[in-house]
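In what follows, a single structure is set out as structure tokens and then discussed.
In UniProt numbering, the protein residues as written are 1 to 364.
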């Protein structure tokens, strides 16, 4: 491993490309570096020598002046073994080589321009993990990017304010295990799925702070029988979230919270989620009254694995769902913003309870 850090005034990187056994390289804090070029590789343009022949992981971080990363001019022997690439805090960065044929993990953070991401992914077919954060100009992922990388297992997009949709090819990702869309304020739509047996490997889905989203198509989660973690949180304009809970036999963690306009709730109850262990729920739209909210908990006492409950609601409700006192296996309860004056009768039935939080219960 080689790490070069804090070279604030360096305008060029030393020739490192011929270090035959170097497997991990980190370049951090080259504040005046504007271009990574042939000097970095230590070969002449159009040479026929392998460059970084053993390098598996490369990190470029905190290069506030970096604009261009050249490489295609060097030839076809560039980074033949590179599997992991991380580019962080390079706000002016605009161009990259395109030769990363076996790249498996790509992480791009705080790069304003979308072109480095698109260039890197243009010819890839080997992607397993893609993490994109704070790429300001990213609007969408090209359909062919996901279509060509059907082995993708982890997709994370966050803090990209212009990002607004995922392409139809999302549903071709039969190996996808985790999907996160977070703090993308203009994200507004999922394409309606077509066909069958899509997202069948998905285990974790997180949707948070996406205020442009009003609804999810009814079929998005319909085939996700492997889903174990589902979080939909702080989506301030979300109205509709169709949940086919009977199609989610593996679900152990469910968080649907802080969505103040949501009017669709799983009114049939959650009793079919036989593996459910952790539930966070509410508050919803004021159109959802207490009786409807209470129906969510029907049959929940049948869930033998259920251990943690966090429940949030509007301050004008003065009761808790009556089913709570039947949950004798619960170990933690968090109750937020209920106007209860006392704990429910038979609350002492919760013999396994280890932690109890009562927050903003002003009349208690």
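Each residue gets a CB set at the ideal place from its N, CA and C atoms; glycine is no exception.
Do residue j and residue i have their beta-carbon atoms positioned less than 8 Å apart in this structure?
i: residue 334; j: residue 360; result: no
i: residue 213; j: residue 187; result: yes
i: residue 219; j: residue 249; result: no
i: residue 55; j: residue 82; result: yes
i: residue 87; j: residue 124; result: no
i: residue 169; j: residue 146; result: yes
i: residue 102; j: residue 135; result: no
i: residue 254; j: residue 239; result: no
i: residue 162; j: residue 137; result: yes
i: residue 70; j: residue 38; result: yes
i: residue 129; j: residue 115; result: no
i: residue 118; j: residue 64; result: no
i: residue 93; j: residue 111; result: yes
With distances taken from CA atoms, which of the options is nearest residue i?
i: residue 280; options: 301, 242, 100 and 336; result: 336
i: residue 320; options: 305, 303, 306 and 347; result: 347
i: residue 16; options: 79, 72, 64 and 9; result: 79
i: residue 196; options: 223, 177 and 189; result: 223
i: residue 244; options: 233, 111, 217 and 260; result: 217
i: residue 176; options: 215, 225 and 142; result: 225
i: residue 270; options: 286, 297 and 264; result: 297
i: residue 366; options: 57, 96, 237 and 173; result: There is no way to answer for residue 366, as the model of the chain reaches only from 1 to 364.
i: residue 52; options: 32, 117 and 23; result: 23
i: residue 349; options: 324, 113 and 286; result: 324
i: residue 268; options: 1, 32, 40 and 299; result: 299
i: residue 33; options: 68, 172, 341 and 230; result: 68
i: residue 366; options: 111, 215, 167 and 171; result: It is not possible to answer for residue 366, since the shown part of the chain is limited to 1 through 364.
i: residue 91; options: 97, 77, 113 and 98; result: 113
i: residue 351; options: 343, 344 and 326; result: 326
Whole angstroms are fine: how far does the CA of residue j sit from the CA of residue i?
i: residue 366; j: residue 89; result: The displayed coordinates of the chain run from 1 to 364. Any statement about residue 366 would go beyond what the structure contains.
i: residue 273; j: residue 246; result: 7 Å
i: residue 14; j: residue 66; result: 16 Å
i: residue 235; j: residue 191; result: 18 Å
i: residue 399; j: residue 302; result: Beyond the ends of the chain as shown, which are 1 and 364, falls residue 399; an answer cannot be given.
i: residue 330; j: residue 358; result: 15 Å
i: residue 289; j: residue 185; result: 28 Å
i: residue 72; j: residue 121; result: 15 Å
i: residue 152; j: residue 179; result: 10 Å
i: residue 10; j: residue 227; result: 48 Å
i: residue 19; j: residue 3; result: 13 Å
i: residue 285; j: residue 260; result: 5 Å
i: residue 204; j: residue 355; result: 26 Å
i: residue 264; j: residue 317; result: 19 Å
i: residue 12; j: residue 97; result: 18 Å
i: residue 172; j: residue 229; result: 21 Å
i: residue 77; j: residue 41; result: 11 Å
i: residue 26; j: residue 1; result: 8 Å
i: residue 343; j: residue 211; result: 35 Å
i: residue 345; j: residue 314; result: 22 Å
Once the 5 residues before and after residue i are set aside, which same chain residues still bring their CB inside 6 Å of it?
i: residue 49; result: 43
i: residue 277; result: 252, 305 and 307
i: residue 132; result: 108 and 157
i: residue 165; result: 140 and 189
i: residue 62; result: 28, 29 and 89
i: residue 363; result: 339 and 341
i: residue 231; result: 206 and 255
i: residue 148; result: 125
i: residue 287; result: 263
i: residue 160; result: 135, 138 and 184
Any C-beta of chain C sitting closer than 8 Å to the C-beta of residue i?
i: residue 345; result: This model lacks chain C altogether; it includes just one protein chain.
Is it buried or exposed, residue i, if we count other Cβ atoms within 10 angstroms and call 16 or more buried?
i: residue 6; result: exposed
i: residue 256; result: buried
i: residue 202; result: buried
i: residue 322; result: exposed
i: residue 241; result: buried
i: residue 292; result: exposed
i: residue 328; result: exposed
i: residue 221; result: buried
Could you name the residues of the same chain whose beta carbon sits closer than 7 Å to that of residue i, not counting the 5 residues immediately before and after it, in chain order?
i: residue 182; result: 158, 206, 208 and 209
i: residue 353; result: 330, 331 and 333
i: residue 174; result: 150, 200 and 201
i: residue 233; result: 208, 255, 257 and 258
i: residue 143; result: 167, 168 and 169
CB-CB under 8 Å to residue i, same chain, minus the five flanking residues each way: which ones, in chain order?
i: residue 312; result: 257, 258, 280, 281, 282, 283, 336 and 337
i: residue 35; result: 66, 67, 68, 69 and 70
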